[in-house]
Amino acid sequence: MGAAAAAAGQHPSILHPGDLFYATATDTVSTLAKNGTATRYLANTGTSNNPAWGQVNLANGVTGTLPAANGGTGLNTSASTGVAQVTAGTWSVSAIDLATADVTGLLPPPTGDGAEYLGEHGRGASHRRDLSVSAIDLATADVTGLLPAANGGTGTNSSASTGIPHVTTGAWTYAAVNLASTDVTGLLPATKGGTGLTPRPARASRR
């Protein structure tokens, strides 16, 4: 702070524990009070882009892709189409190959339900109030918004969804696998309830 500013009284007259200094104009200093809510971060979201406490906005406050080890996919799926699959922790988006280990069990009868369910498990947020430096905990109130597909997320809130995750040109949805569509490829072996054979085209009827 310049001597002229100090002489003119352009500085806070009262300070409290946890206050942070920032300049609002040349030789003019203000303070940002400590936030009393659990785990908040500094961002330029205040008036005139001044510092403010807040949550990390996943829609515009992050770069890169979230790794699988942190609950993401490690993929930019903004232009992908297919069914999301994981192999040894590596995510990919493609059709399910019925002739490989992509499927297990036997194909149920037409009245059966072959859908699997996705679940989420959270944990309580931290209750610390002092300023600290740590990694952002995606399982707590550290973040808000939805992580876009371009950053390794899905861009969707799947907390109440049921089904297999599908990706169509970057848009994630949750539904049963449609065996009559491009959701699948290959032939279902007899050991898994299929025939392993390519259907023969129907013959034209004779009069």
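Residue numbering for the sequence shown follows the numbering used here, starting at 1206 and increasing by one per position. For glycine and all other residues, C-beta sits at the position ideal for the given N, C-alpha and C.
Outcome for S1218 when other beta-carbon atoms lying within 10 angstroms are tallied against a minimum of 16: That one is exposed.
Among T1400, D1388 and T1403, nearest to D1302 - alpha-carbon criterion: Of the listed residues, the one whose Cα sits closest to D1302 is D1388.
Segment contact flag, the region 1276–1284 with the region 1348–1361, C-beta cutoff 8 Å, min 3 pairs: A contact exists between the region 1276–1284 and the region 1348–1361.
Helix, strand or coil at T1229 [DSSP, three-state]: In this structure, T1229 counts as strand in the three-state DSSP scheme.
Where the beta strand (DSSP E) through I1219 begins and ends: Per DSSP, I1219 lies in no beta strand (DSSP E) and is assigned neither H nor E.
Segment limits, beta strand (DSSP E) that includes A1380: Judged by DSSP secondary structure, A1380 falls within the beta strand (DSSP E) whose first and last residues are A1376 to A1380.
Reduced DSSP secondary structure (H/G/I, E/B, other) of S1297: DSSP places S1297 in strand when its eight states are reduced to three.
Cα-Cα separation between N1255 and L1271, rounded to whole angstroms: Their Cα atoms are separated by approximately 28 Å.
Which residues DSSP lists as bridging T1390, in chain order: Note: T1390 is bridge-paired with D1302 in the DSSP secondary-structure output.
Residue burial classification, S1364 (beta-carbon count within 10 angstroms, cutoff 16): Label assigned to S1364: exposed.
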